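Structure first, commentary second.
There are 2 protein chains.
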Amino acid sequence: MRDPANPVCRTISTLLQRIGDKWTVLVVSTLGEGPRRFNELRREIPSVSQRMLTLTLRNLERDGLVSRKVTPSIPPRVDYALTDLGCSLLKPVNALSQWALDNVEAIHRAHARFDTEQDKAEAA
Amino acid sequence: MRDPANPVCRTISTLLQRIGDKWTVLVVSTLGEGPRRFNELRREIPSVSQRMLTLTLRNLERDGLVSRKVTPSIPPRVDYALTDLGCSLLKPVNALSQWALDNVEAIHRAHARFDTEQDKAEAA
DNA sequence: CAGAATCCATCGCGATACTG
DNA sequence: CAGTATCGCGATGGATTCTG
Chain D
1 MRDPANPVCR
11 TISTLLQRIG
21 DKWTVLVVST
31 LGEGPRRFNE
41 LRREIPSVSQ
51 RMLTLTLRNL
61 ERDGLVSRKV
71 TPSIPPRVDY
81 ALTDLGCSLL
91 KPVNALSQWA
101 LDNVEAIHRA
111 HARFDTEQDK
121 AEAA
Chain B
1001 MRDPANPVCR
1011 TISTLLQRIG
1021 DKWTVLVVST
1031 LGEGPRRFNE
1041 LRREIPSVSQ
1051 RMLTLTLRNL
1061 ERDGLVSRKV
1071 TPSIPPRVDY
1081 ALTDLGCSLL
1091 KPVNALSQWA
1101 LDNVEAIHRA
1111 HARFDTEQDK
1121 AEAA
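In the order they appear, the protein sequences are chains D and B. Numbered per my numbering, the first sequence spans residues 1 to 124. Numbered per my numbering, the second sequence spans residues 1001 to 1124.
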C-alpha cells in the first residue's frame, strides 16, 4: 500500500508533485476566482515566465483540471477555466494552505530553534 | 496576496513544495501510524535511499513536524515520531490523498483523451 | 495575443563508499 | 545502527528569440 510500485500510490504521488510544483497552486487558485485569458494570468502572477505558465496550463489541461477554449480571431483569444474536477480540487488545496497559514509562526519558531542548535553543534 | 514576494505566500509555497517532494508524505504518513526507528522507516519505504531518508527527516525536524530522539547506546538508537504539529498536518494531507484516490479514474480518462487528441494533431 | 523553440544554469536525487 | 561525503546524471525552470 505504501509501495511506490503500486499504481494507485503513484497516482497520488504524481498529484502531490503537481501540487508541489512552483506554479500549479497559484494558477489553480487564481482560476478559482473565475476564467482568465493567458496574459491575464501572467499579469496576476507577475513572476511566472511565459514558458512556465504554458507548461503549467498544459499539465493542468492534461489532468482534466483546466479547460482551454480557443477563439480563432485576430488577435487570437484563449480562455482558461477550472473544470468541475478542478473546482473540486480547490477544497483540499485550500485546507492545506489554511493549515500553513495557521502554523506559519510555529514553523518559523521551529526553524529558529533548529538553526541555533545547529550553530551550537558546529561551534563545538 | 498572490505575490510570491509576500512572506506569507512564500511560507505556503515552501510547505506545498515539501508536501510535493518525493518522500515527505510517505514518511509522514508512515510515522502517522506510530514512532519508527531509522531503519524501520527504510524497510517500510523500500525505495527510499539512505541519503534521501536522512534529508527528508532533517527537513521535517527543522519544520517542527517530526521529533528525533537519540539514545546513545551501542549500537545507537534513534526514534522518530510526529510532533503535535506533524499530527495536525495529517488531516489536510489525507484529504488531498483522498481526493486523488476518488479521482484517479477521471484523471486517467483525461490523460487518455488529451493524449489521443495530441496524436491526431501531430498526425495532421 | 498566445504561444513554440532553443540554450543554459541549477538542483534534486540516486549510487556508492566510508564512519563512530 | 544511523548516519556523512562525494560524484554524476537527468530533470526543472529561467532568459531569450522567433512565429501565426
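Even for Gly, the Cβ is constructed at its ideal location relative to N, Cα and C. Here the structure is a predicted model, which is why all the values come from computation and not from measurement.
- Closest by C-alpha distance to B:P1007, out of D:L60, D:Y80, D:L101 and D:E117, is D:L101.
- As the crow flies, the alpha-carbon of B:G1064 is around 7 angstroms from that of B:T1083.
- For D:D21, the three-state secondary structure derived from DSSP is coil.
- Under the three-state reduction of DSSP, B:R1002 is assigned to coil, being neither helix nor strand.
- DSSP places B:T1030 within a helical segment (H, G or I) once states are collapsed to three.
- In the displayed model, D:L82 falls within a strand according to three-state DSSP.
- No Cβ of chain D is located within less than 9 angstroms of the beta carbon of B:F1038.
- DSSP, reduced to helix, strand and coil, places B:S1088 within a helical segment of the structure shown.
- DSSP, reduced to helix, strand and coil, places D:S49 outside both helices and strands of the structure shown, so it counts as coil.
- Residue contact check for B:S1088 against chain D: a CB pair falls below 9 angstroms.
- Put simply, the backbone Cα of B:P1092 is about 7 angstroms away from that of D:W99.
- Counting along the chain, D:L41 sits inside the alpha helix (DSSP H) bounded by residues F38 to E44.
- Check the Cα spacing between B:N1103 and each of D:C87, D:P35 and D:L41: the tightest is with D:C87.
- The C-beta separation of D:V78 from D:R68 comes to about 6 angstroms, placing the pair in contact by the 8 angstroms criterion.
- Burial is judged here by how many other beta carbons sit within 10 angstroms of a residue's own beta carbon; B:T1014 has fewer than 16 and is exposed.
- Not flagged as an interface residue toward chain D: B:T1116, since no C-beta distance is shorter than 9 angstroms.
- By a beta-carbon distance limit of 8 angstroms, D:A81 contacts D:L31. Their separation comes to about 6 angstroms.
- For B:F1038, the CB contacts under 6 angstroms within the same chain, skipping 5 residues up- and downstream, are V1078 in chain order.
- For B:L1065, the nearest beta carbon of chain D is closer than 9 angstroms to its own beta carbon.
- Put simply, of B:R1043, B:L1090, B:R1113 and B:S1097 the residue whose alpha carbon is nearest the alpha carbon of D:I12 is B:S1097.
- Neighbours of D:A110 across chain B, judged by C-beta separation under 7 angstroms: R1062, D1063 and G1064.
- Here the alpha carbons of D:R2 and D:C9 stand approximately 7 angstroms from one another.
- Chain order gives the chain D residues near B:V1025 as I12, S13 and L16, where near means a beta carbon separation below 9 angstroms.
- Going by C-alpha positions, D:L55 is about 49 angstroms away from B:P1075.
- Within the same chain, Cβ atoms closer than 8 angstroms to the Cβ of D:Q50 are found at R42, the five residues on either side in sequence being excluded.
- For B:R1058 and B:L1026, the gap between their C-alpha atoms comes out near 15 angstroms.
- Here B:S1073 is not bridged, per DSSP, to any residue.
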